[in-house]
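K.L.:
Mind having a look at this structure? Questions to follow.
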Amino acid sequence: MAFIEINNLTFNYPNNINAPALDELSLSVEKGQFIVLFGPSGCGKSTLLRLLKKEIQPHGVLSGDILFNGHTLDEEGSGSREVGFVFQDPENQVVADQVLHELAFGLENQGLPTNEMRNRIAEMVHFMGAEHLLHRKTHELSGGQKQQLNLASVLLMQPSVLLLDEPTAQLDPVSSREFLDMIVRLNEEFGLTVIMAEHRLEEVISVADKIVMMDNGRVQIAGNPKQVVNHIWNKADKTYIPSIPSFYLQITKEVDQHHQSVVEDIPLTVKEGKNWLQSQPFIDNGRKSELNKAEEIDMADIVRVNNLFFQYEIGKKAELILKELDFSLRKGEIYTLLGGNGSGKSTLLKVICGIHKPQRGKVYIYEKSLKRWTRNELAKSIGYLPQNPKLFFIQDTLEKELQYTMEQWDIESPYEATTLLESLGISHLRHKHPYDLSGGELQKAALACLLLRKPEILLLDEPTKGLDPVSKKQLGKILIQLQSNGMTVLMTSHDVEFAAKIADRCGMMFEGKITSESEPASFFRGNFFYTTMIQRLLRSTPCEAVTLEEAVQSWKISRN
Amino acid sequence: MIHRFQDFHPFLTFFYYCGAILLIMLFQHPTILSVVLFIILVIHFIDDGFRSLRRWRVLIFTTGILILVLNPLFNERGRNVLFEVFGHRVTLEALIYGGITALSIITIIALFVSYNEVMTPNKLLFLFSKFLPQFAILLMLTLRFIPLMKRRLEDISAVQQSKGISVHEGKWRSKAKNGLLYVQVLLTYSLEEAIQTADSMNAREYGQGKRSTYEHFRFKKSDGIALAFLSILIFILLMGRFNGYGYLTIYPVMGSLQLSALEWFYVVVLSLFYSFPLLVEGGGYLKWRLLKSII
Amino acid sequence: MENKQKLKMAGLLAISVSLVIISVQWIDYYLWFSFGVVISAFFLFLVRFERKVIDAREIVLLAVLAAIAAVSRIPFASIPSVQPTTFVVMMAGFVFGKESGFIIGVVAALASNMILGQGPWTPWQMIAWGLVGFSAGLLRNQTFMQKTWGKVVFGVVWGFLFGWIMNMWGLIAFTGPEGFLDFQVLLPYFMGSALFDSMHAVSNVIFLLLFSGLWVSILQRFKTKYGLLE
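Residue numbers (our numbering), protein chains in the order written: chain S, 4 to 563; chain G, -13 to 281; chain B, -10 to 219.
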């Protein structure tokens, strides 16, 4: 008998009887396993996780069994109270204004005496190394710290199973790494059973015991990571496979179409990849395609920033967010700003589109000083998409929002909106409430409303945050398409893989300045940590590729 | 800093401030109020050299002066006419009456400034959780949401501004309309997100059984002694006040401004009450010096 | 149910009558007595709230509305004399009823004062906004509230009433604890605040006319979504 047994589980949401969220799903979990669920948005990952936690089960029609230690969730002794749940959004889970109150919240609900609470909290704070945060206000914590706090307050209730619903989707790479390390530690050192939904497999694939691919409420395939990777490569959407195993599989298939790769040989980490790579020939350094692209770009600057200073609060002590910043954006390019949290990336975008007024320095758009642009002119030429596209919408359907935009900008022909929606592939979402859309759909919807006013510059703040790989790929395509129609794009990102793939130039921001800047190939080759998986893999070889496609191409050339 | 007073149990500090306000409202006599105000100013000075009080100086002075001036201007009652302007009688009664009210308002505001320093939101929340636990949770959630909503409003105004929907330009009416549109986006967005907050509460077993409270503060013996001390002082003062002492009658006939011997006794008791934070601070300091000299 | 309602009405009547008698009998203590009544009614409400079993969703909803009411002034920083908090509390009372409306108003005032610093005005603000929410909930099913003129009157009345309640702490200052009211003294005081109050009234009316329909439907949608059906 497995620890958790899920047999033929079918679940229908009340408003959607015809399409079950879960369809005859079966899965078993052993004690102490680390399980990763992945699949496209809406595949049923979150529903499955929620059904495992009695207190937050969604309303709907449920059939099939969920057994904990052979008991159903409603039975006494099933240990269903020992299930801890961490949600996706770090912000929404916090209920208290102070860290200590937050930690005590669950324990108070259990009715524990103060002494017991104090002991548990002391132990937890020590384990997490968070003594200095105990009396802080929760709203002062960073996203990563908030998610750690949420984890801590769940762990204090001493669960034996931890369910996590895309816990790192809203975090930057550094915090996300820290968070996952903590989960791995809990799994390895304390034998905690972990079931996590996640769509960035890169970081979890090497630590999971079992990965489960879901689609349409069913398990497509479940098993150890290497087997699953091999299976997906042959059968399903390859987008989910991280770049190192992808590279391996593509090359071995290239050598021999009928070759059945040995599953155990598939490398998952850079270390395994390097071992395998030693047996491969690599001579060429071809990035020839890149050069052609660079020539196409018009070298004229569309945005120029000179010696810019910006701070949020006026005063001597207030921190300068942007400092002596020089920057220029060329017409028709895609430029990606990379850099840590608080380096000033988002602030720069807001200064360029006129939301914040700089204290010193000049911003020129089309050689005309920003100060001389009226708000309406600016809004017409620059489209700004925030990190959280939900805040973009005022109306309660996409249709109404488009109408409102058309009225605001005196656009009469409804034809424009229709073609725009079609080209983005979201015509069927016209009458939906924006908040009912998935992350990828929502972003496209906001883009549609932005593009309707025909801006010439697009500013995107972290456009890949929280997107699943499929939506991310689509976004890349959309941006390239826009670029070919003459759009200039400036975006911030933490996603080096995405930047390497679509950017013409990348810039690194640090302490309010751009410290290095060049096209992706040389930009990432110059970096040691802040670079793509493929570049890390190929570092000691003569190959200078930074993306998967380039690596494969360069491998092909060197083979011939 | 008046550390020792701040280290008392929140119930005791709260009791002190409630009593302090009640006594100001009862003892309406210029001399007594001046003594009280003086003591409160001393507390402020020792606490932080008037730093926190300074932020309120505009409010304190304007209300004080306004009341002092306006009262004789509109109030002609009283027998002792000081002078007449354009047929308007300015009476001593009205002047003193205005003085008393101005004094008590200033004293109350000064008291609140010190209250805000000592009774942190954390302490107040703790008190509520003892007496009104469910209300305390609501208050805690609200206090947690307010900074979050502020940040969301900033984000909303950034995006909407970039779309050309601004509160900085245009007519009053359109600005007001756009402003409330921001709030409306905040409302829909936050209500949508907050379901997850409720889920996170449920996932941590909120409402499953009887709740306990984390005792952030312990009621110590010293708190008990202090409570008894303050209660006795209040009792003495209330008895005195109900026997008609410590109070200046103005209408219909103004009483004497002079305090009787017995009333001076009440002034001493009153001073003992108000200077409680100073007494504990001084007592602690003496003890510490004494210990040091012995070693 | 009907009996209970009658009992409540009788209780309310008894309180008001005794208040009148007391104030006639001991005119000097009129203010003290009315404070006493207000404060005890206030605590009765809190105790009632405490007795109710409120699940996580409902309490979160109340907190969100209170927090929004508290911060709603921020976008209007550049526009003087607009007070959206009153509007938000009114809408909450309209949709969620008198008790929720009252609690939201009270908590909004208390929480924002706890952050910005409390003063003698804190209790008055709590009572004023609490009553805004309470009255909105109480009158929501009246036919005149569905009509435009009803909303206009409601908004105007609260614009002034709010100011008067807030003047109460100043009022004691002008009358002293003797509890004696001199209208000649009060008149200029109230006139002075009338300017602000009329701005408050105007913004109430504008918000009610432009937004109340939309807000009611938004809040109704969430009422269903949060599973709060009456």
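Built from N, CA and C at the ideal position, the CB exists for glycine as well.
These numbers were taken from a predicted model, which means no experiment stands behind them.
Following the continuous alpha helix (DSSP H) through G/G209, name the residue where it begins and the one where it ends.
P.N.:
Reading the sequence as shown, one finds Asp at residue 209 of chain G and not Gly. Annotation for G/D209: the continuous alpha helix (DSSP H) segment containing it runs K207 to F228.
K.L.:
Across the segment 168 to 183 of chain S and the segment 17 to 28 of chain S, are there enough close Cβ pairs to call them in contact, namely three or more that are closer than 8 Å?
P.N.:
no
K.L.:
Just the C-alpha distance for S/L195 and S/Q36, rounded to the nearest angstrom, thanks.
P.N.:
8 Å
K.L.:
By the DSSP assignment, the beta strand (DSSP E) with S/R363 in it spans what residues?
P.N.:
R363 to I368
K.L.:
Under 8 Å by Cβ, that's how I've got B/G90 and B/F123 pegged, so tell me the actual separation to the nearest angstrom.
P.N.:
6 Å
K.L.:
When we look at the beta-carbon of S/L401 and count the other beta-carbons within 10 Å, is it buried (16 or more) or exposed?
P.N.:
Note on S/L401: 16 or more other CB atoms within 10 angstroms of its CB, so buried under the neighbour-count rule.
K.L.:
Exposed or buried, which one is B/L33 when buried takes at least 16 other CB atoms within 10 Å?
P.N.:
With a threshold of 16 other beta carbon atoms within 10 Å, B/L33 falls short and is exposed.
K.L.:
Would you kindly work out how many angstroms separate the C-alpha atoms of S/N278 and S/I269, rounded to a whole number?
P.N.:
Rounded to whole angstroms, S/N278 to S/I269 spans 11 Å at the Cα level.
K.L.:
Look at S/E94 and S/K149 and say whether their C-beta atoms are less than 9 Å apart.
P.N.:
yes
K.L.:
Short of 7 Å Cβ to Cβ, which residues in the segment 129 to 150 of chain G face chain B?
P.N.:
Answer in chain order: L129, F131, I132, M135, K136, L139 and S143.
K.L.:
So, G/P119 versus G/R197, is the Cβ gap smaller than 9 Å?
P.N.:
Yes, the Cβ-Cβ distance between G/P119 and G/R197 is below 9 Å.
K.L.:
Give me the DSSP bridge partner(s) of S/A74.
P.N.:
What sits at residue 74 of chain S in the sequence shown is His, not Ala. Paired residue(s): S/F71.
K.L.:
So which residues on chain G does B/D44 lean against when the C-beta distance must stay under 7 Å?
P.N.:
G193
K.L.:
Spatial neighbours of S/V89 within its chain, please: C-beta separation below 8 Å, excluding the five flanking residues on both sides.
P.N.:
Q96, Q150, N153, L154, V157, L165, L166, L167, D168 and P170
K.L.:
Going by DSSP, what residue range makes up the beta strand (DSSP E) through S/A225?
P.N.:
R221 to G226
K.L.:
In terms of DSSP beta bridges, what is S/G386 paired with?
P.N.:
S/L461
K.L.:
Hey, G/Y12 and G/Y233: beta-carbon distance below 9 Å or not?
P.N.:
Rather than Tyr, the amino acid found at residue 12 of chain G in this sequence is Leu. Yes; because the gap between Cβ atoms is below 9 Å, this pair is in contact.
K.L.:
Which residue's Cα is closest to the Cα of S/E404: S/H434, S/D507, S/E327 and S/L252?
P.N.:
Out of S/H434, S/D507, S/E327 and S/L252, S/H434 has the C-alpha closest to the C-alpha of S/E404.
K.L.:
Taking its Cβ as the centre, do 16 or more other Cβ atoms sit within 10 Å of B/G126, making it buried, or is it exposed?
P.N.:
buried
K.L.:
Answer with buried or exposed for B/F211, where buried requires no fewer than 16 other C-beta atoms within 10 angstroms of its C-beta.
P.N.:
buried
K.L.:
Do you know how far the Cα of G/V266 is from the Cα of G/K273?
P.N.:
10 Å
K.L.:
Here's the rule: buried if 16 or more other CB atoms are within 10 angstroms of the residue's CB, otherwise exposed. What is G/L243?
P.N.:
Burial call: exposed.
K.L.:
Out of curiosity, what's the CA-to-CA distance linking S/Y438 and S/K393?
P.N.:
Between S/Y438 and S/K393, the alpha-carbon positions lie close to 7 Å from each other.
K.L.:
Checking contacts by CB at 9 Å: is B/I116 closer than that to chain G?
P.N.:
At a cut-off of 9 Å, the C-beta of B/I116 has no neighbouring C-beta in chain G.
K.L.:
Could you have a look at S/K57 and say whether DSSP puts it in helix, strand or coil?
P.N.:
helix
K.L.:
By the criterion of Cβ-Cβ separation under 7 Å, what are the contact partners of G/R197 in chain S?
P.N.:
Within chain S, the residues near G/R197 are E111, N112 and G114.
K.L.:
With S/K326 as the anchor, note down where its beta strand (DSSP E) starts and where it stops.
P.N.:
L325 to R333
K.L.:
Using 8 Å as the cut-off, can you tell me whether the segment 211 to 225 of chain S makes contact with the segment 61 to 79 of chain S, which would need three or more C-beta pairs spanning the two stretches below that distance?
P.N.:
no
K.L.:
Compute the Euclidean distance between the alpha carbons of G/F166 and B/F143, then round it to the nearest angstrom.
P.N.:
The sequence as given places Leu at residue 166 of chain G; Phe does not occur at that position. Roughly 19 Å between the two C-alpha positions.
K.L.:
Excluding the 5 residues preceding and the 5 following G/D270 in the sequence, name in chain order all residues of the same chain whose CB lies nearer than 6 Å to its CB.
P.N.:
Going by the sequence as given, residue 270 of chain G is Gly instead of Asp. Result list for G/G270: R(-10), in chain order.
K.L.:
Exposed or buried, what is S/N10 when buried is set at 16 or more other beta-carbons lying within 10 Å of its beta-carbon?
P.N.:
exposed
K.L.:
Can the beta-carbon of B/E47 be found less than 9 Å from the beta-carbon of B/L208?
P.N.:
no
K.L.:
Helix, strand or coil for S/N2 per DSSP?
P.N.:
The question about residue 2 of chain S has no answer, for chain S in this structure spans 4 to 563.
K.L.:
Return the first residue and the last residue of the alpha helix (DSSP H) that B/M79 is part of.
P.N.:
P73 to L105
K.L.:
Does chain S have any CB closer than 9 Å to the CB of G/R190?
P.N.:
yes
K.L.:
Compare the C-beta of S/D92 with all C-beta atoms of chain G and state if any pair is closer than 9 Å.
P.N.:
yes
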